[in-house]
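Trainee: Quick one: the structure is below, questions incoming.
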C-alpha cells in the first residue's frame, strides 16, 4: 500500500462522501476533497461518489466547472472510481433526466429498471463476473454487495466486468484502463466492499503517475 | 442471483442511549448505541436503523452526535430518524452519516413532505415509517410514537406514501411490538401486496421461524428487530444460517476477504 498517495474525492454534495472517506480511512488511505477545477486537475487519483438524481449531479458538476477537468483527468490516465450515480455519470445520458448530458466517456445510456421488479433495487445482491478484473480481484463469486438505485446501465460493451440482475441484467462493475466504476456501494458493502476499495487503491499505487 | 432478504437490528434511542419498551411504552436503558452498532456490524447485520423515539427538538444535537458515533462504526447502510419534519432536518440526519432517513408523524400531517424529501435526496434515501394498530376494520396508522391515532388507514397510507416518493416502507405492528409473539403476518402480507417499494417488517420477532414466516408468508423484503438482538437471545449469524438452510436468500458473512 502506498501511504503517501492521496485520493481526491469529488465534492459536490453527494451524501455518501463521508462514508467513502471513513471506508478509506479504515484502510489507512489518505483522502482530500476536491471541489474546484484546479483541485481536480491536480488530483493523482479520483473518486466520484454519488447518491441522488442524475440531472442534479450533472448540472452541479457543470455549474462548478468540474466536467472538463474530470474528462481531462480520465483522458490523461488518472485512475478514477465512480460509485453508484458516479458510474451512471460516465455514460452519455440517463432516462432519469433525458435533457441533461453525462460525461460520455463510456458509450451508451442509463435506463430505468423495469417496474415489474420492486423499485428501488435496494439491498444486497450478487454479481456475475463476465471477465477478469483488477477491481474484483479476490472477490468470491457468491459475495454480496449493497445496491440502492432505480436506474442502471444495461450495457457497457467491452468495459463491463460484472453484471447484476433486478428485473433485467445490468452493469454492476466496469473497467477500462484507468477508469473504474461500480453500481453498488463498496463503502457500505462490508468486507467485500472493503476488498473492492483495497483493489482500487492497489491499482493506483502501481499505476499512478509520478 | 437474487436480492437477499435483509436482517436489520434497530436501536431505539432517547437521543443518546438505547432504550427499549413493550408496545412503545415502559422504557428502560439497553446500552450504548455505538457499541451495539459495532457489534452488529461485526456479526453480519445487513443494515442498521437508529431511531430517536423521544424526538424532541431540544436534544436533536445529541441525536445527530449519536448518528455520527454510530456511522463511524459501520461498513453497512445506516437509516436514522425521529421527528424529521422538513428537508433541512432530513439533510442534517444524512450529513451526520445516515444513508437513509425515516419520516412518520410529519408525513402523515403533510404528505407533500415525502415528495420534497425524494426530490432533494432521491427516493432511495426516504423511508416511510408506519406504526400500525389493529382496528375493527383493518389497521390504522398511529403518530407521535404510537400515542395518537391519525385516523388514516395504514394500507392506504403505505400506498400513497410510496406513490409520493418514499423508497421503502418500515412497517411496525404496534400490537406485536415488544411482545415476542411473532410478526404480524396479515398486516405485512396486506401491505406487501399493495406497494411496489421494498417493505421492512417490524414488531414481535422472537424465534428464527418468525423470520422465516415474515419472509415466506408475509412477503417482507427485510425484517427488523431490537430486543432479541440486544439481549443476545438471537444471534445474527445463527439466524441467517437457519434462514439459508430453509432456502431464504441471505447474505452470509464471516468470510475474511481482506488479506
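Chains as they are written, first to last, in the numbering used here: chain A, -19 to 190; chain B, 47 to 305. Glycine residues also receive a C-beta, built at the ideal position from the N, C-alpha and C atoms. Just so it is clear, the structure is predicted and the values come from calculations on it, not from any experiment.
Are the CB atoms of residue 90(A) and residue 124(A) nearer to each other than 8 Å?
Mentor: Stepping through the first chain from its first residue, residue 90(A) is reached at position 110. Stepping through the first chain from its first residue, residue 124(A) is reached at position 144. Contact: no.
Trainee: Return the chain-ordered list of same chain residues with a C-beta closer than 8 Å to the C-beta of residue -2(A), the five sequence neighbours on each side being excluded.
Mentor: Here residue -2(A) refers to the residue found at position 18 when the first chain is read from its first residue. Taken in chain order, the list of residues that qualify is empty.
Trainee: Apply the 10 Å Cβ neighbour rule to residue -19(A) and answer buried if 16 or more other Cβ atoms are within range, or exposed otherwise.
Mentor: The count along the first chain starts at 1 and reaches residue -19(A) at position 1. Because residue -19(A) sits at a pLDDT of 47, beneath the cut-off of 50, its placement in the model cannot be relied upon, and the following sentence gives the value as read from the coordinates. Per the 10 Å Cβ criterion, exposed.
Trainee: Does any residue of chain A have a CB that is nearer than 8 Å to the CB of residue 242(B)?
Mentor: As a position in the second chain, residue 242(B) is number 196, starting the count at 1. Closer than 8 Å to some Cβ of chain A, the Cβ of residue 242(B) qualifies, so yes.
Trainee: Can you pull out the residues from the stretch 101 to 116 of chain A whose beta carbon lies closer than 9 Å to at least one beta carbon of chain B?
Mentor: Against chain B - using a Cβ distance shorter than 9 Å - the residues of the stretch 101 to 116 of chain A are 101, 102, 103, 104, 105, 106, 107, 108.
Trainee: So with Cβ pairs under 8 Å, would you call residue 136(B) a contact of chain A?
Mentor: To locate residue 136(B), count along the second chain from 1; it is residue 90. Chain A, which has no Cβ nearer than 8 Å to the Cβ of residue 136(B), makes this no.
Trainee: When you compare only the Cα positions, how much space is there between residue 196(B) and residue 173(B)?
Mentor: The sequence position of residue 196(B) within the second chain is 150, counting from 1. The sequence position of residue 173(B) within the second chain is 127, counting from 1. Rounded to the nearest angstrom, the two C-alpha atoms are 19 Å apart.
Trainee: Straight-line CA distance for residue 303(B) to residue 141(A)?
Mentor: Here residue 303(B) corresponds to residue number 257 of the second chain, with the count starting at 1. Here residue 141(A) corresponds to residue number 161 of the first chain, with the count starting at 1. Bear in mind that the predicted position of residue 303(B) carries a pLDDT of just 44, short of 50, making it unreliable; the figure below should be weighed with that in mind. When rounded, the distance between both Cα atoms is 19 Å.
Trainee: What residue from 218(B), 141(B), 167(B), 63(B) has the CA that sits closest to residue 105(B)'s CA?
Mentor: The count along the second chain starts at 1 and reaches residue 105(B) at position 59. Of the candidates 218(B), 141(B), 167(B), 63(B), the one whose C-alpha sits nearest the C-alpha of residue 105(B) is 63(B).
Trainee: From the DSSP output, which residues share a beta bridge with residue 10(A)?
Mentor: Position 30 of the first chain, counting from 1, holds the residue named residue 10(A). -14(A).
Trainee: Quick check on this structure: which residue in 138(A), 110(A), 21(A) has the alpha carbon closest to the alpha carbon of residue 49(A)?
Mentor: The residue labelled residue 49(A) in the question sits at position 69 within the first chain. Comparing Cα-Cα distances from residue 49(A) to each of 138(A), 110(A), 21(A), the minimum goes to 21(A).
Trainee: With H, G and I counted as helix, E and B as strand and the rest as coil, what does DSSP make of residue 98(B)?
Mentor: Stepping through the second chain from its first residue, residue 98(B) is reached at position 52. The answer is strand: DSSP assigns residue 98(B) an E or B state.
Trainee: Would you say residue 62(A) lies against chain B (beta-carbon separation less than 8 Å)?
Mentor: Within the first chain, numbered from 1, the residue matching residue 62(A) stands at position 82. Answer no: the Cβ-Cβ gap between residue 62(A) and chain B never drops below 8 Å.
Trainee: Could you list the residues in the stretch 267 to 291 of chain B with a C-beta less than 8 Å from some C-beta on chain A, going in chain order?
Mentor: Cβ contacts with chain A come from 267, 268.
Trainee: Counting only Cβ-Cβ distances shorter than 9 Å, please list the residues of the stretch -11 to 9 of chain A near chain E, keeping chain order.
Mentor: The structure shown contains no chain E; the protein chains it does contain are A and B.
Trainee: If I measure Cβ to Cβ from residue 183(A) and keep anything under 7 Å in the same chain, skipping five residues before and after, which residues do I get?
Mentor: Walking along the first chain from the start, residue 183(A) turns up at place 203. Cβ within range, chain order: 59, 114.
Trainee: Who are the near neighbours of residue 162(B) in its chain, counting only those whose CB is closer than 6 Å to its CB and skipping five residues on each side?
Mentor: Translated into positions along the second chain, residue 162(B) becomes position 116. So the qualifying residues of the chain are 133.
Trainee: Can the beta-carbon of residue 164(A) be found closer than 8 Å to that of residue 178(A)?
Mentor: For the purposes of this step, residue 164(A) is taken as residue 184 along the first chain, with counting starting at 1. For the purposes of this step, residue 178(A) is taken as residue 198 along the first chain, with counting starting at 1. The answer is no: Cβ separation not under 8 Å.
Trainee: Per DSSP, which residues does residue 124(A) bridge with? Please list them.
Mentor: Within the first chain, residue 124(A) is the residue found at index 144, counting from 1. Bridge partners of residue 124(A): 106(A).
Trainee: Is any beta-carbon of chain A found at less than 8 Å from that of residue 214(B)?
Mentor: For the purposes of this step, residue 214(B) is taken as residue 168 along the second chain, with counting starting at 1. Closer than 8 Å to some Cβ of chain A, the Cβ of residue 214(B) qualifies, so yes.
Trainee: Following the continuous alpha helix (DSSP H) through residue 143(A), name the residue where it begins and the one where it ends.
Mentor: For this step, residue 143(A) is matched to residue 163 along the first chain. Looking at the DSSP string, residue 143(A) is not in any alpha helix (DSSP H); the run it does join, the beta strand (DSSP E), is 140 to 146.
Trainee: DSSP on residue 273(B), reduced to helix/strand/coil?
Mentor: Locating residue 273(B) in the second chain gives position 227, counting from the first residue. Note: residue 273(B) maps to helix in three-state DSSP.
Trainee: Chain A beta carbons: is any one of them nearer than 8 Å to that of residue 19(B)?
Mentor: Outside the shown range of chain B (47 to 305) lies residue 19(B), about which nothing can therefore be said.
Trainee: Opposite residue 162(A) in the DSSP bridges: which residues?
Mentor: Locating residue 162(A) in the first chain gives position 182, counting from the first residue. Answer is 63(A), 153(A), bridged to residue 162(A).
Trainee: So, residue 6(A) versus residue -11(A), is the Cβ gap smaller than 8 Å?
Mentor: Position 26 of the first chain, counted from the start, is the residue given in the question as residue 6(A). Position 9 of the first chain, counted from the start, is the residue given in the question as residue -11(A). No, these two residues do not count as a Cβ contact at 8 Å.
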